[in-house]
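Taking it in order: structure first as structure tokens, then the write-up.
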Amino acid sequence: MTESSPPLVSVVICTHNRAARLGGAIRSVLEQDAAGVPVELLVVDNRSTDGTRQLVEAFAGAPVRYVFEPDLGLCHARNTGWRAARGRYVAYLDDDAVAEPGWLRAMAEAFETTPGVGIVGGRVEPIWEGARPPWLSDEVALSLTIVDWSPTPRIIADLRRQWLVGANMAVRAAVLRDVGGFHPRLDRVGSRMLSSGDVYLQKQVVARGHRCLYAPAMAVRHAVPAARLTKQWFRRRYYAQGLSDAVMQLLDGRASPRARAGTAARMAARLVTRPRDLGALLLPTSDPDRFARKCFAWIAVGTVVGLMGAVRR
4 MTESSPPLVS VVICTHNRAA RLGGAIRSVL EQDAAGVPVE LLVVDNRSTD
54 GTRQLVEAFA GAPVRYVFEP DLGLCHARNT GWRAARGRYV AYLDDDAVAE
104 PGWLRAMAEA FETTPGVGIV GGRVEPIWEG ARPPWLSDEV ALSLTIVDWS
154 PTPRIIADLR RQWLVGANMA VRAAVLRDVG GFHPRLDRVG SRMLSSGDVY
204 LQKQVVARGH RCLYAPAMAV RHAVPAARLT KQWFRRRYYA QGLSDAVMQL
254 LDGRASPRAR AGTAARMAAR LVTRPRDLGA LLLPTSDPDR FARKCFAWIA
304 VGTVVGLMGA VRR
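In my numbering, the protein residues as written are 4 to 316.
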């Protein structure tokens, strides 16, 4: 492939110190039946200190490019990926995920056959690396990047109820340029568990008149490490989701500091004055429904803390 014939799809894998998992993700892309779908693969090394570069260089001869991003943060790495990409479509695959056969073709077909689509995403099936806890409901498990909205393609009409995920998502390059990519105040930075950079991007894309399409044939499998299957991890994850929701409200800039303070005060009042909500937050439980309420209460706590922090900015 020459500079005069750019690929149709640029696949971007962002990684930070996961050389042990990265090879599987790379091979799953290189082994796709890509006939008629010109593709390049970019691995964005986000300041890794393990053997990431050496692992990527071991794929010499394959259409793989190594890109180093020194600023730590998933959104930084994702932005570096699309800026370096040459394809019409930029596809993101997590470094601990593997693309299923037909992933690339399903992605390209979705863009080429559905008018007005700016973003396409697909099914994400879990690779359980530990026993699924009996207290983990399907609703709470969504936070593990498990996505299975429908057996058939559908337009995502309400991003509060259904969404696409950055672990398995492709965006028109022109759309990424138009919206400026992923906002750096969201998503993972080292051990910080903020999220929703992918969802915020989708909101911006929809606001510009494009459509988000869920295409289940564009499927991947995604690791669920045993370390995430603890109640403490979910507490941290849902509290961080609340912080992320607050950041998105701040970025939208639709409410004044006084309005944000009022929203935070009302949410805090509901938590402390409603026995069911307060009990869900404070009392231990192994009941799936009650644990789900606990997680959603932690979202409220995180949102209150985030909004009050936003007021001080």
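C-beta: ideal position from N, C-alpha, C; glycine also.
- Excluding its 5 nearest sequence neighbours in each direction, residue 19 has C-beta neighbours in its own chain below 7 Å: 49, 50 and 51, listed in chain order.
- In this structure, the straight-line span from the alpha carbon of residue 45 to that of residue 271 is close to 45 Å.
- Under the three-state reduction of DSSP output, residue 255 falls in the helix class.
- With the rule of 3 Cβ pairs closer than 8 Å, the stretch 205-213 does not count as touching the stretch 102-117.
- In the displayed model, residue 204 falls within a helix according to three-state DSSP.
- Closest in C-alpha terms to residue 148, from the list 178, 172, 161 and 291, comes 172.
- Straight-line spacing of the CA atoms in residue 227 and residue 23 works out to 15 Å.
- Residue 124 has 172 and 217 as its beta-bridge partners, per DSSP.
- Taken through DSSP and simplified to helix, strand or coil, residue 45 comes out as strand.
- In the three-state reduction of the DSSP assignment, residue 19 falls in the coil class, being assigned neither a helical nor a strand state.
- For residue 225, the enclosing beta strand (DSSP E) starts and ends at 223-227.
- Around residue 294, the same chain offers 138 and 288 as residues with beta carbons nearer than 6 Å, after the five sequence neighbours per side are excluded.
- Boundaries of the alpha helix (DSSP H) around residue 107: 106-116.
- Residue burial annotation: residue 191 is buried, with at least 16 other C-beta atoms found within 10 angstroms of its C-beta.
- Nearest Cα to residue 82 within the set 106, 41, 14 and 144: 14.
- With 16 or more neighbouring CB atoms inside 10 Å of its own CB, residue 85 falls in the buried class.
- Here the alpha carbon of residue 28 sits roughly 38 Å from the alpha carbon of residue 256.
- Measuring C-alpha to C-alpha distances from residue 38 to each of 117, 108 and 233 identifies 108 as the nearest.
- Annotation: residue 140 to residue 282 spans about 19 Å, alpha carbon to alpha carbon.
- Positions of the alpha helix (DSSP H) runs, each at least 4 residues long and wholly inside the stretch 236-295, are given as 260-276 and 278-285 in order along the chain.
- Of the residues assessed, residue 57 falls on the exposed side of the cut-off, its CB having fewer than 16 other CB atoms within 10 angstroms.
- Here the alpha carbons of residue 78 and residue 72 stand approximately 11 Å from one another.
- Residue pairing by DSSP puts residue 96 in a beta bridge opposite 171.
- Annotation for residue 117: 216 place their beta carbon closer than 6 Å to its own, counting only its chain and skipping 5 residues before and after.
- Put simply, of 232, 17 and 279 the residue whose alpha carbon is nearest the alpha carbon of residue 136 is 232.
- Residue 41 holds the alpha-carbon nearest to the alpha-carbon of residue 9 among 41, 225 and 306.
- Per the C-alpha coordinates, the member of 121, 249, 76 and 129 positioned closest to residue 306 is 249.
- Sequence-distant partners of residue 106 (beyond 5 residues in either direction) whose C-beta falls short of 7 Å from its own C-beta, in its chain, are 35, 221, 222 and 223.
- In the same chain as residue 311, and ignoring 5 residues on each side of it, the C-beta atoms closer than 6 Å to its own belong to 267, in chain order.
- In this structure, the CA atom of residue 242 is about 45 Å from the CA atom of residue 64.
- Boundaries of the beta strand (DSSP E) around residue 68: 67-71.
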